[in-house]
Structures are given as structure tokens and as C-alpha cells.
Amino acid sequence: MYVLGIETSCDETGVAIYHPQHGLISHFLYSQTDMHSEYGGVVPELASRDHIRKLVPLIQQTLADSRLLPAQIGGIAYTAGPGLMGALLVGAATARSLAWAWQIPAVAVHHMEGHLLAPMLEAHPPQFPFVALLISGGHTLLVRVDGIGRYQLLGESLDDAAGEAFDKTAKLLGLGYPGGPRLSALAEQGQPTWVFPRPMTDRPGLDFSFSGLKTFALNTFNACGKTQQDKADIAAAFQTAVSETLVIKCRRALQQTGLNSLVVAGGVSANKQIRHALGEMASKENAELYFPRPEFCTDNGAMIAYAGCQRLLAGHHQDLRIFARPRWPI
Ligand code: KG4
Ligand code: ZN
Numbered sequence: 254m255y256v257l258g259i260e261t262s263c264d265e266t267g268v269a270i271y272h273p274q275h276g277l278i279s280h281f282l283y284s285q286t287d288m289h290s291e292y293g294g295v296v297p298e299l300a301s302r303d304h305i306r307k308l309v310p311l312i313q314q315t316l317a318d319s320r321l322l323p324a325q326i327g328g329i330a331y332t333a334g335p336g337l338m339g340a341l342l343v344g345a346a347t348a349r350s351l352a353w354a355w356q357i358p359a360v361a362v363h364h365m366e367g368h369l370l371a372p373m374l375e376a377h378p379p380q381f382p383f384v385a386l387l388i389s390g391g392h393t394l395l396v397r398v399d400g401i402g403r404y405q406l407l408g409e410s411l412d413d414a415a416g417e418a419f420d421k422t423a424k425l426l427g428l429g430y431p432g433g434p435r436l437s438a439l440a441e442q443g444q445p446t447w448v449f450p451r452p453m454t455d456r457p458g459l460d461f462s463f464s465g466l467k468t469f470a471l472n473t474f475n476a477c478g479k480t481q482q483d484k485a486d487i488a489a490a491f492q493t494a495v496s497e498t499l500v501i502k503c504r505r506a507l508q509q510t511g512l513n514s515l516v517v518a519g520g521v522s523a524n525k526q527i528r529h530a531l532g533e534m535a536s537k538e539n540a541e542l543y544f545p546r547p548e549f550c551t552d553n554g555a556m557i558a559y560a561g562c563q564r565l566l567a568g569h570h571q572d573l574r575i576f577a578r579p580r581w582p583i
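Going letter by letter, the sequence shown gives residues 254 to 583 in this note's numbering.
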């Protein structure tokens, strides 16, 4: 069965086709980043309008690239949440309408399930069970994964998500949007001369809190000379603090569950320092570490096509209602 996957939860329009035996057939992504960067962040109304403009042409492009006819598509998967309501509705309404027109099932996919299954698209996918660290712009979650749909939340951020903390810290350093990659690039020119806290690591548990790091960065910035080198050093100190905090919590999650596989996914998993630090920890713990390829760390249609395909194979699908949930626990 060929499954068409559609992602429109935030500022990327993603479309892909996946087949359980033939793998990923085709995938395309249109990023709205340039449009939103003028405003310093994602403008929800502009995001919805741009998805409306780009989604149908992107579906046509993906179909043409795959050389498949619409009649060969066996199911449609769409991101139903969490995300921006208007943006989600564009994907959900388009997917639901196409599925009705083509008389095939449509399945609603949880965006974070898409992220956590993204490493399954790689040549050496992880085996269940594993621990997943999901670090994106909207969420920071540690999850025990025993199979498709068998998720146990081990810990989460009590305030800002890791990506949100990157974006807000980048903004206060005047780096603009998108903050995460820009802060990360600047950090490479700095040294972590300031010591930032490692929030919530001095007590048991697997929850996170990143909003204090952003405040710490602001106070440090206001108290220093504000030179380019100061900014780079603050970026490096911030990134090191996030990275070491994630390492401590992941090590704890592996020890607590007794599992020896760790999956790391979501936009922040593209960060080089974080990937390196988690790699060192995993080898010391004799654990296997899995990442999606960098282009599938951030939002994309391929992960939704994959997750939706697994759901459809397990017999899940939605009725004719358009299903969109801006807030949706995993
Ligand atoms: O998963 P994603 O594309 O969208 C959400 O589901 O939120 O993640 C986007 C987040 C943003 O906060 C972005 O700044 C962050 O991932 N990000 C990074 C890097 N690349 C993207 N953060 C740190 N370092 C990066 N290289
Ligand atoms: Zn995402």
C-alpha cells in the first residue's frame, strides 16, 4: 500500500509517499522560514495561507516524481496535531477531501509520533523497545516506546521546550529567526566561559525546565560588554548547558528503564554539539544511539507518511470528520 503523508502543523509544508516494502518513494518540503523571518517568528495566519498556496502543488509534484497514479495511493496520513490550528486544518481538510474523492482511508497522525518514528526511515532502524528523546520547538519529551502506539511518558518540560529556549535565547542575543540553527552557528565561535545551570538535574526525575536558562542568558548578556565575542560565549555556555542537561536525563532514563537503545528526534536533534555529547554518553553506557538523517530531524512529510502507514496497517483510520487538535498529548 502506497501512503501519502501530509505535514502542515507549523511553518513547513511536507508531502511524501511511503510503501511498507519499497520504503520512501518520494518526498518534498517547502519551508516558510524566509517569510516568517521578517516578523521574528511564525505568524500563524500567514502560515495557514501559505500552506493553502503550496500544499496542492506539492502533492502534484510528489505524485509526478513517484510516477504513481492517484488510483495507486492506498491511504492518506495527515498531521492532526499538536500544532497551529489554522495550519493543521489546511492539511487535515485537504487530506480528508482527497481520501473521500479517491475512496481510500485517511488517518490522523500525532506530530510527535511522526518525529519519534522518523529514525525508522533509515537503513539501520532501532528495534523496540527504546527510549526516545523528542526535542522540538513545541515539545521536550522522554518516552519509553514499546511498539507503535505503545508510548509511556517518562518526563517532559515543565515550561519552555528545548527548541523554544534556543529560539528565545537567540532572539535576545539579536540573532533573529530561526533562532536554533543561528545560535548553534554562533556558539561554534565561542567558549563556555560562563557556567550556566543544568536545570532540574540535582533532583531525581526525568522532567525538564529550560525557561530559567533563557533568563540566565538575558542577565549574563545585560551584565557583560555585549561584544560579538560575549554573544558567542553566551551562546556556547547556553548550548553546553542544554546539551549536558539532556545527556544527564537521557542517561538516567536508560538506567531507570534498563533499556539500551536511545532514539533522539525533533528539530533540536539536528544540533551538532547535542548529537556529539549524546553519542559520547551512549558509548559509555553501551547503548545504541539512533538519529533521523538531518533533513528528517525537523518537520517533514516522510515521518508522517511512515507513521500513518503503520497506523493504517494496524487497522486505524478516521471517519469523515476533519480531525485537528492543536493540543494533543502523545
Ligand atoms: O521539530 P521542529 O522542526 O518543529 C517542531 O515540531 O517544533 O523543531 C523546530 C525547532 C526550532 O525551535 C529550531 O530552532 C530548533 O528546532 N532547531 C535547532 C537546530 N535546528 C533546528 N535547535 C538547535 N540547533 C539546531 N541546529
Ligand atoms: Zn516538529
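Cβ atoms here follow ideal geometry from the backbone N, Cα and C, with glycine treated the same way.
Exercise for review: Using 7 Å as the cut-off, classify the Cβ of SER389 as near or not near the heavy atoms of the ligand KG4, replying yes or no.
Suggested key: In this structure, the C-beta of SER389 approaches the ligand KG4 to less than 7 Å from one of its heavy atoms.
Original post:
Beta carbon of ALA371, beta carbon of PRO545: below 8 Å?
Top reply: It is a contact, given that the beta carbons lie within the stated cut-off.
- prompt: Buried or exposed: which applies to GLN313, given that a residue is buried once 16 or more other Cβ atoms fall within 10 Å of its Cβ?
  reply: By the 10 Å Cβ count, GLN313 comes out exposed.
**Item:** Which of helix, strand or coil DSSP assigns to ARG578
**Value:** When secondary structure is reduced to three states using DSSP, ARG578 falls in the coil class, being assigned neither helix nor strand.
**Prompt:** Given that a residue counts as buried once 16 or more other Cβ atoms are within 10 Å of its Cβ, and exposed if not, what is ASP399?
**Reply:** Exposed.
Notebook entry, point to check: When DSSP builds the beta bridges, which residues end up paired with GLY201?
Noted result: Given that the chain is displayed from residue 254 to residue 583, the structure contains no residue 201 and the question cannot be resolved.
Quiz item: Alpha carbon to alpha carbon, what distance is there between PRO450 and CYS562?
Solution: A direct Cα-to-Cα measurement between CYS562 and PRO450 gives close to 42 Å.
_Reference ALA418, options GLY276, TRP353 and ALA494, closest by Cα_ = Nearest of GLY276, TRP353 and ALA494 to ALA418, Cα basis: ALA494.
Decide if ALA423 is buried, meaning its Cβ has at least 16 other Cβ atoms within 10 Å, or exposed. By the Cβ neighbour-count rule, ALA423 is buried, with 16 or more other Cβ atoms within 10 Å of its own.
For ARG403, the first and last residue of its enclosing beta strand (DSSP E):
Residues 403-409.
- Query: Can you name the residues that DSSP bridges to ALA361?
  - Reply: In the DSSP assignment, ALA361 is bridged to TYR331.
Report yes or no: do three or more beta-carbon pairs, one from the segment 555-574 and one from the segment 441-457, lie closer than 8 Å?
Below 8 Å, too few C-beta pairs join the segment 555-574 and the segment 441-457 to call them touching: fewer than three.
Following the continuous alpha helix (DSSP H) through TYR559, name the residue where it begins and the one where it ends.
-> Where TYR559 is concerned, the enclosing alpha helix (DSSP H) starts and stops at 554-566.
Quick one: Cα of ARG528 to Cα of SER522, how far?
-> When rounded, the distance between both Cα atoms is 7 Å.
- Query: Can the beta-carbon of ASP264 be found closer than 8 Å to that of ALA300?
  - Reply: Cβ distance < 8 Å, so ASP264 and ALA300 count as in contact.
* For GLY433, the nearest candidate out of HIS368, LEU531, THR468 and GLN492 (CA to CA) -> If you compare the alpha carbons of HIS368, LEU531, THR468 and GLN492 with that of GLY433, the shortest gap goes to GLN492.
Margin query: Rounded to the nearest angstrom, what separates THR315 and THR266 at their Cα positions?
Written below: About 12 Å.
Margin query: Tell me the rounded alpha-carbon separation between ALA269 and THR473.
Written below: Going by the C-alpha atoms only, they are around 44 Å apart.
Checklist entry - Which class does THR551 belong to by DSSP, given the choice of helix, strand or coil? => result Three-state result, THR551: coil.
Between the Cα of GLU541 and those of MET556, PHE549, VAL517 and GLY554, spot the shortest distance and give me the residue it belongs to. Per the Cα distances, VAL517.
Ends of the alpha helix (DSSP H) at ALA340?
Its alpha helix (DSSP H) spans residues 338-355.
- [ ] Check each candidate in GLN405, HIS275 and MET338 and name the one with the smallest Cα separation from LEU369.
- [x] The shortest Cα separation from LEU369 among GLN405, HIS275 and MET338 belongs to GLN405.
If I measure Cβ to Cβ from PRO379 and keep anything under 8 Å in the same chain, skipping five residues before and after, which residues do I get? PRO372, MET373, SER514, VAL516, GLU541 and TYR543.
Requested in this report: Give the range of the beta strand (DSSP E) segment to which PHE383 is assigned.
Outcome: PHE383 -> beta strand (DSSP E) spans 383-388.
Just verifying my parser: in three-state terms, what is the DSSP assignment at LEU515?
Looking at LEU515 - three-state DSSP - the assignment turns out to be strand.
Discussion item. Strictly by DSSP, which residues pair up with LEU277?
Written reply: BP columns for LEU277 point to TYR271.
Q. Would you say GLY520 touches the ligand ZN, meaning its beta carbon is less than 7 Å from a heavy atom?
A. Yes, the ligand ZN has a heavy atom inside 7 Å of this Cβ.
By the three-class DSSP mapping on this structure, what secondary structure does GLU541 have? Strand, per DSSP.
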